[in-house]
Amino acid sequence: MLSLYEEYTKAGITQEEFERSQSNLINEFAFKIDTARRKVGQLLMIELTGLPQDYLETYRDKLKNVTLEQVNQAIQKYSDPKNLLITIVCTAKDIKPKLKSLGDNFKVTVKNFKED
Numbered sequence: 179m180l181s182l183y184e185e186y187t188k189a190g191i192t193q194e195e196f197e198r199s200q201s202n203l204i205n206e207f208a209f210k211i212d213t214a215r216r217k218v219g220q221l222l223m224i225e226l227t228g229l230p231q232d233y234l235e236t237y238r239d240k241l242k243n244v245t246l247e248q249v250n251q252a253i254q255k256y257s258d259p260k261n262l263l264i265t266i267v268c269t270a271k272d273i274k275p276k277l278k279s280l281g282d283n284f285k286v287t288v289k290n291f292k293e294d
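Right under this line is the structure:
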């Protein structure tokens with residue numbers, strides 16, 4: 179699994195993956211604002227994150243203008259396989275020995291789900 183992530187960070191995504199993702203994001207956007215409740219949620223998100231007031235109106239056009247090259251540059255810039263946090267929800271006694279076998283490059287921290 180980690181080798182797939184490393185490959186992804188080096189090679190990026192393909193033209194086909196890019197086009198499919200871009201199309202999905204553009205087409206699903208209508209459903210993010212199709213009710214008053216969802217639109218208010220989006221407006222609140224805009225306010226809380228400091229996005230421009232015209233965000234909802236310009237979102238799809240901005241997505242259409244993103245290029246494959248820009249996406250792959252962002253993947254290489256922000257994805258670092260050596261600085262990765264992986265969360266696993268499981269019974270620790272069952273999986274911890276298997277995780278330890280990955281070597282010293284991985285720190286395993288067990289957190290009891292009943293604790294804050």
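In my numbering, the protein residues as written are 179 to 294. Where a beta carbon is used, it is the ideal one built from N, C-alpha and C, also for glycine. Everything numeric in this text was worked out from a predicted model, so none of it was measured.
Can you tell which of the options has the C-alpha that lies nearest to the C-alpha of residue i?
i, options, result
"I191", "E184, N250, S201, V244", "N250"
"S181", "Q231, P259, R216, I273", "P259"
"N283", "E225, Y237, L262", "L262"
"T271", "Y256, T287, S257", "It is worth fixing the name first, because residue 271 is Lys in this sequence and not Thr. Among Y256, T287, S257, the Cα nearest to that of K271 is on T287."
"E184", "Y256, Q231, K292", "Y256"
Does DSSP classify residue i as helix, strand or coil?
i, result
"V243", "Residue identity check: residue 243 is Asn in the sequence provided, not Val. The answer is helix: DSSP assigns N243 an H, G or I state."
"M223", "helix"
"L263", "coil"
"S201", "helix"
"I291", "One point to set straight first is that residue 291 is Phe, not Ile, in the sequence displayed. Coil."
Check whether the Cβ atoms of residue i and residue j lie closer than 8 angstroms to each other.
i, j, result
"T187", "Q254", "yes"
"I234", "I211", "It is Leu, not Ile, that sits at residue 234 in the sequence shown. For L234 and I211, yes; Cβs fall inside 8 angstroms."
"R124", "F207", "This structure cannot settle anything about residue 124, because the visible part of the chain is limited to 179 through 294."
CB-CB under 6 angstroms to residue i, same chain, minus the five flanking residues each way: which ones, in chain order?
i, result
"I266", "none"
Under 7 angstroms Cβ to Cβ from residue i, same chain only, skipping five residues before and after it: list those, please.
i, result
"P275", "none"
"K278", "V286"
"Q220", "K210, I211, L234"
Starting from the C-beta of residue i, find all residues in its chain whose C-beta is less than 8 angstroms away, skip the five residues before and the five after it, and write them out in chain order.
i, result
"T236", "P230"
Quiz item: Per the contact definition of three or more C-beta pairs closer than 8 angstroms, is the segment 192-202 in contact with the segment 234-253?
Solution: yes
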